[in-house]
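Q: One structure coming up, written as structure tokens, with questions to follow.
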Amino acid sequence: MSDLAIRSLSKSFGGVRAVNEVSFDIKRGEFLALIGPNGAGKSTCFNMINGQLPPDSGEIWFEGAKLNGKKPRDIWRLGIGRTFQVAATFNSMTVVENVQMALISHANQVYRLWKPASSLHRTRALELLAQVGMQDAADRPSRELAYGDVKRVELAIALANDPRLLLMDEPTAGMAPKERNDLIALVKRLVIEKGISVLFTEHSMDVVFAFADRIIVLARGRLIADGDAKSIRDNPQVREVYFGTGKTFQKSEAHR
Amino acid sequence: MSFNAFLFQALNGLSAASGLFFVAAGLSLIFGVTRIVNIAHGSLYMIGTYIAYSVATKVGGAVGFWGGIVLTALLVALIGAAIEILLLRRIYRAPELFQLLATFALVLVINDATLWIWGPEDLLGPRAPGLTGSIEVLGRRLPTYDIFLIFVGPFVLWMLHLALAKTRFGRLMRAATQDREMVGALGVNQAMLFTGVFALGALLAGLGGALQIAREPATLATDLIVIGDAFVVVVVGGMGSISGAYLAAVIIAEVKALCIGLGVVNFGGFTVNFSKLTLVAEFLVMAAVLIARPYGLLGREQVAVRSVAEPEEPLRPATPATKIAGLILLVVLVCLPLIAKSSPYTLVLGIDVLIAVLFATSLHFIMGPGGMHSFGHAAYFGLGAYGAALLVKWFAAPMGLALAAAPVLALVGALLFGWFAVRLSGVYLAMLTLAFAQIVWAAVFQWETLTGGSNGVLGIWPSAPFDTRGPFYFLTLALAALGVLLLRKFLFAPFGYAMRAGRDSPLRAEAIGLDVKRVHWLAFAIAGAVCGIAGGLFAFAKGSISPETIGVSRSIDGLVMVLLGGIQTLTGPIVGASVYAVLQDFMMRSTEYWRALLGGIILLLVLAFPSGIVGGFVKLISRRNTTSKAAS
Amino acid sequence: MMTARSLHSLAIAGTLAGALTLSFGHAARAQDTIKIGELNSYKTQTAFLDPYKKGWELAIEQINAKGGVLGKKLEVISRDDGSTPGDAVRVADELVTREGVNIIAGTFLSHIGLAVTEFAGKKKVFFLAAEPLTDKITWQNGNKYTFRLRATTYMQVAMLMPAAVAAKKKRWALVYPNFEYGQAAVATFKEMLKAQQPDVEFVTEQAPPLGKVDAGAVVQAIDDAKPDAIFNVLFGADFSKLVREGTTRGVFKDRTVVSLLSGEPEYLDPVKEEAPVGWIVTGYPWDKIKTPEYLAFLTAYQKKYNDYPRLGSIVGYVTMTSLAAGIAKAGSTDTDKLIAAFEGLKLDSPFGPFMYRASDHQATMGAYVGKIALEGGKGTMADFKYVDGATVLPSDAEVKKLRPVTE
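Chains as they are written, first to last, in this note's numbering: chain V, 22 to 277; chain F, -15 to 616; chain Z, 555 to 961.
Below you can see the structure in the form of structure tokens.
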């Protein structure tokens, strides 16, 4: 059974087809990487799934519900969590309050006017922080955190609504290689524990080949390959897209 | 109105548009690059009219007039540069909008300085040498100076375009308008750029002022009249867009000319005097434009400027010590009537201060934690005041009922206006709230049979047992304390957290299921309702109200109070409102030039506490704590 | 150690309490003077109120030089009223509660005058409204405690009416500032003219916002309506703009213009040599009045200030001489006695003798009606005569119907 089903998804910007007839599925518990060179349409694809951009045509299904036309917040309520390419928190709150905010929203308590928010779901929030190794920083102002820690907190926030699917847009962007592997390993461990499916885009091929269960490749808006690490590595079209443009895997690595 | 009359009025509109354009263009440039809402821009224009008058009359002749215009523009540019270097440069790192407070202080200082230098009388300058007559157009006489103005506006627009496109300074300005951080990253001397832009903006204001002396007298009321118009033009055209400013100036001037041209029109027994619409025409245009095009006619969506100021501290619940301090304050306030036995005025002022506190706190609720900078908060104060007063006037309602109705009417207004306002952000939101406030003001002002028009509603006195000062003070204290504590409670509740989440990062808030617009809309409504209570109390405290309860200056007073206290703290508005209200009362009594003095003190406070009074104290103390910790 | 939070809460407590104590100040001293509270919009109506202040200062100086009233000197405690009714009421309250006065005087703008009128009625304080023109102060919203000095909107219009009727013009254009004063003046004008000349036609009405007249468009619209005559209520900067634009565009040529207040030096002087000759106006030809009581005032004023008086100077001067006369007549500063003394109080002024009517508490001090003329490059009035306010006021029985019945 597939969690997320993408069918013939298309989007144009001013005549340029950013995403062109893309279809794929994610199975329950799958760790799926979406890769492709710059401008391939990864982010556009992503933003259509999370509801930020309306698709021109095509359909997005999640557990039998059609996502087209739904707002990001409604998609989140269906059990889809997300992280952002540039991580950030709610800067005027402490670390644990950031997570509590998501838990409050998940419990539909946003419009409550009386009980202090800091007293709600604190235990659960601390648990989530513990899972990402941030429990010690719980009461610090989140604006003081190092970038890597912000990424972890963001992950804790994304897990707050017990998502069944997690969308991660370049989760390791802006991180050092060591941190990067740690973070993805953490994600992988958590999703296996919780049985969450993950769709992530990624520049770092190391990470992709090491962790992804399956990889799909976008180039100029089209899906050109779909398979496991080995088949992708050997796929001539993929090789051409990457090597042909002069951007080797290694070089794009070196840029990061 | 005949077709020729219509065409001719369109010409009148074009000449008026040039005047509007000059002052708006400068304001737009300054905002585009520095993100400063320069309230003192109208004052620069006013100085322009006075300097040009002096040169034109002292030197005389064509040299005095035309040379005076050039000289004036240059002098005002120098003044602008001085303001930037001496004042604004020191507070760029302050929280957003704080610079507004400094420019507000400048308005007060400049107005009194002008009075001191040029005296109280209106000064009508000479006609423009060479352009004193009129020529016949469409069977009517059009002054030659108007024709000159019709062309000089587009000419300056064209020059500005050239300057922006062809010079390095111009290119930098355009780049900075689009992405200020990038320009900083390119290693451009930002200080020089800002000074230059401020000088250029001031030059345009001075030029605009100088050009008007052939048409209207230099008067001390010019500053506030001009700044209101200029903001409208800038926002309608789109912040930072020079062509937009011209387009907007033309549209607004034409709409006004058309209203005037139409005059009194009969619709089958139903008479409308369109000339009365000029009172609010520009604000109607602005509201319509902002609802249809949230970034103005030619404006672009603003790149969110990451605030250069430090973000605020997380909210901490009150410590026992704070609670005790709060309790002491409350006890002091409750005991005030005892202290006031020997000096009953304490209660009079106390009531005004408490009302101001409630007003400012409700504004801070949406401005600080909500990030919605309302420039029209007086609308809800006024709706509350009028809601209560009209119930008393027309239905002889008892005070309790009238006071209960005050927040209800304000709530309805806030729900309606907020629904539109929360769709915008930043300065556009601010201006839409201002437009709504002006529309309410105009409606109250114009609807004489219901509201008493400009004279307002009289005879709204509290009923027993609150009809004497002491009990009414207690009532005010109780409602103000209740309002302040309630708003504080809301801020600590999930709702308040959701407000801040929506402000800190709307995208992320949406991504965890928050309906940011809805949250902010309801916040707007809550703030409006609480503000309405303040308005209701005000009506009963004064016994009468008039449209000025809704006026722009009350909205600005609110902003000043919030910023003065410190927008990033919950106690800021309380301190800011108290200090401002008491200071103003004290100054008004102590010197003839009280505005200059008040402005001067605000300037000192601005420089000493760039994050507001309370913000400054908090920083001072936390710094001391860290150093003492480090030492031990 | 104290936390930052608690400290700053304390700071608030301090500010609030400290701030409020600022208002304690001096306790009431032994009354060796008679204190009069005065408040006005000095910061926003400077052109009128600067001479006004000079006027009342001169009066106080003269009164005290003669030994004051009831053996005590007069002391004026003057305040800015913040130019808003809300602030004005607080300032009035401050004068009463903190300074201990029971007589207040002043105000300029109608809505502020009315707010203080309301305050005076409620707090039972004697109030002499000096300048505000709105009829409501002495009629619809009048009260026992409030008197008013200046000739009202109604009176000013009534003074001009004979000339307007005599002009025998059929098509009239009306231009007035869009607030109560302008609206009331035009309403009165229309009603009175219609009564005396039933075939009159009002061809257009222009009501620009106060201080913001778009003069070019407005005069053009008037011209396009092809009126035979124009009734103007604009004043101040609006008046200057109207005159300049209208003259340049030839709109006033061959048209009768009747204009309220335009003969007052405050408004006429700024237009200098462009003064619209021939307009029929109410005003104050300061250099042409030759009555001995006026010349005495003029000499004293010019000697003290080395400047000529404006209408504001007269209003300020007479405000204080009225109060002095009233207190002297009452023999006390007791509020009720003072009210009784003011009702029917007769006194002399630079404009001649006048009285405060008992029926509506309105002073009958009049104004000069004449035509604007140009002399030595400056505007002045010619063919003028003094119109006694008593001659244009409705009868006691009529105003009784207008005033609230609660008294």
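Every residue, glycine too, gets a C-beta built ideally from N, C-alpha and C.
Can you check which of these residues, F:163, F:187, F:558, F:586, is closest to residue 567 of chain F by C-alpha distance?
A: That would be F:586, whose Cα lies nearest to the Cα of residue 567 of chain F.
Q: Suppose the cutoff is 6 Å on Cβ atoms and the five residues either side in sequence are ignored; what does the same chain contact list for residue 796 of chain Z look like?
A: Hits under 6 Å: 769, 788.
Q: Got a sec: is the Cβ-Cβ distance from residue 572 of chain F to anything in chain Z below 7 Å?
A: Yes, residue 572 of chain F lies at the interface with chain Z (some Cβ there is under 7 Å from its Cβ).
Q: Which residues in the same chain have their Cβ closer than 7 Å to the Cβ of residue 330 of chain F, if we skip the five residues on either side of it in sequence?
A: Correct list, in chain order: 320, 323, 324.
Q: Between the segment 437 to 460 of chain F and chain Z, which residues of the former have a C-beta closer than 7 Å to a C-beta of the latter?
A: Answer set for the segment 437 to 460 of chain F: 437, 438, 439, 440, 442, 443, 445.
Q: Locate the beta strand (DSSP E) running through residue 318 of chain V, then write down its first and last residues.
A: Only positions 22 to 277 of chain V appear in this structure, which leaves residue 318 of chain V out of reach.
Q: If we ignore side chains and look at the alpha-carbon of each, how far apart do residue 415 of chain F and residue 358 of chain F end up?
A: Between residue 415 of chain F and residue 358 of chain F, the C-alpha separation is close to 8 Å.
Q: From residue 231 of chain F to residue 185 of chain F, what does the alpha carbon distance come to, in whole angstroms?
A: C-alpha separation (whole angstroms): 18 Å.
Q: So with Cβ pairs under 7 Å, would you call residue 218 of chain V a contact of chain F?
A: Answer no: the Cβ-Cβ gap between residue 218 of chain V and chain F never drops below 7 Å.
Q: Examine chain F for any beta-carbon lying closer than 7 Å to the beta-carbon of residue 89 of chain V, and answer yes or no.
A: Output row for residue 89 of chain V: interface = no.
Q: For residue 6 of chain F, return the contacting residues in chain V, with the cut-off set at a CB-CB distance below 8 Å.
A: Correct list: empty, because the minimum Cβ distance to chain V is about 36 Å.
Q: Kindly provide the ranges of any beta strand (DSSP E) runs that are 3 or more residues long and lie completely inside the segment 174 to 253 of chain F, ordered along the chain.
A: DSSP runs (the beta strand (DSSP E)) wholly in the segment 174 to 253 of chain F: 248 to 251.
Q: Going by other Cβ atoms of all chains shown within 10 Å of its Cβ, with 16 needed for buried, is residue 123 of chain F buried or exposed?
A: Looking at its Cβ environment, which holds fewer than 16 other Cβ atoms inside 10 Å, residue 123 of chain F is exposed.
Q: Kindly give me the distance between the Cβ atoms of residue -11 of chain F and residue 245 of chain F, rounded to whole angstroms, as I take these residues to be in contact under 8 Å.
A: About 6 Å separates the two Cβ atoms, so the contact holds.
Q: How would you write the range of the alpha helix (DSSP H) that residue 889 of chain Z sits in, first residue to last?
A: Residues 889 to 896.
Q: For residue 75 of chain V, go through chain F and note every residue whose CB falls closer than 9 Å to its CB, in chain order.
A: The contacting residues do not exist; residue 75 of chain V stays about 15 Å from chain F at best.
Q: Let's test the definition: count the other Cβ atoms within 10 Å of the Cβ of residue 762 of chain Z and tell me whether it reaches 16, buried, or not, exposed.
A: Label assigned to residue 762 of chain Z: buried.
Q: Might you give, ordered along the chain, the residues of its own chain that have their beta carbon closer than 7 Å to the beta carbon of residue 668 of chain Z, omitting 5 neighbours on each side?
A: Cβ neighbours of residue 668 of chain Z beyond the five flanking positions: 688, 690, 691, 695.
Q: Are the Cβ atoms of residue 723 of chain Z and residue 755 of chain Z separated by less than 7 Å?
A: Result no, Cβ atoms of residue 723 of chain Z and residue 755 of chain Z do not sit closer than 7 Å.
Q: Please state whether the Cβ-Cβ distance between residue 810 of chain Z and residue 683 of chain Z is less than 7 Å.
A: No; because the gap between Cβ atoms is not below 7 Å, this pair is not in contact.
Q: So does the segment 104 to 116 of chain F actually touch the segment 83 to 94 of chain F, counting three or more Cβ pairs closer than 8 Å?
A: No, the segment 104 to 116 of chain F is not in contact with the segment 83 to 94 of chain F.
Q: State the DSSP-derived secondary structure class of residue 846 of chain Z, mapped to helix, strand or coil.
A: Three-state result, residue 846 of chain Z: helix.
Q: Restricting to runs no shorter than 3 residues, where is the beta strand (DSSP E) found entirely within the segment 689 to 777 of chain Z?
A: You should have 700 to 702, 725 to 729, 755 to 760.
Q: Hey, does residue 259 of chain F have any beta-carbon neighbour from chain Z nearer than 7 Å?
A: Yes - at least one Cβ of chain Z is within 7 Å of the one on residue 259 of chain F.
Q: Report yes or no: is there a C-beta of chain V within less than 7 Å of the C-beta of residue 390 of chain F?
A: For residue 390 of chain F, the answer is no, since every Cβ of chain V falls outside 7 Å of its Cβ.
Q: With 7 Å set as the bound, which would you pick, yes or no: does the beta-carbon of residue 290 of chain F sit closer than that to a beta-carbon of chain Z?
A: With a pLDDT of 47 at residue 290 of chain F, under the threshold of 50, the predicted position of this residue should be treated as unreliable, though the coordinate-derived value follows. No, residue 290 of chain F does not count as interfacial toward chain Z.
Q: Apart from the five residues on each side of it in sequence, which residues of its chain come closer than 6 Å, Cβ to Cβ, to residue 794 of chain Z?
A: Closer than 6 Å at Cβ, skipping near neighbours: 824, 825.
Q: Should the segment 117 to 134 of chain V be called in touch with the segment 199 to 210 of chain V, which here means at least 3 C-beta pairs below 8 Å?
A: Judged by Cβ distances under 8 Å, the segment 117 to 134 of chain V makes no contact with the segment 199 to 210 of chain V, as fewer than three pairs qualify.
Q: On a Cα-Cα basis, can you pick out the residue from Z:913, Z:896, Z:919 that is closest to residue 906 of chain Z?
A: Cα-wise, what sits closest to residue 906 of chain Z is Z:919.
Q: List the residues that DSSP assigns as beta-bridge partners of residue 189 of chain V.
A: The partner list for residue 189 of chain V (beta bridge, DSSP) reads V:104, V:221.
Q: Just the Cα atoms here: how many angstroms apart are residue 598 of chain Z and residue 665 of chain Z?
A: Their Cα atoms are separated by approximately 14 Å.
Q: So is residue 506 of chain F buried or exposed if we call it buried at 16+ other beta carbons inside 10 Å?
A: Under this definition residue 506 of chain F is a buried residue.
Q: Specify the secondary structure class of residue 14 of chain F as computed by DSSP and reduced to three states.
A: Three-state DSSP puts residue 14 of chain F in a helix.
Q: Within the segment 652 to 680 of chain Z, note down every full alpha helix (DSSP H) run reaching 4 residues or more, in order along the chain.
A: Listed in chain order, they are 664 to 677.
Q: With 16 as the cutoff for other CB atoms within 10 Å, does residue 42 of chain F come out buried or exposed?
A: Label assigned to residue 42 of chain F: exposed.
Q: What residue range is occupied by the uninterrupted beta strand (DSSP E) comprising residue 247 of chain V?
A: Start and end: 243 to 248.
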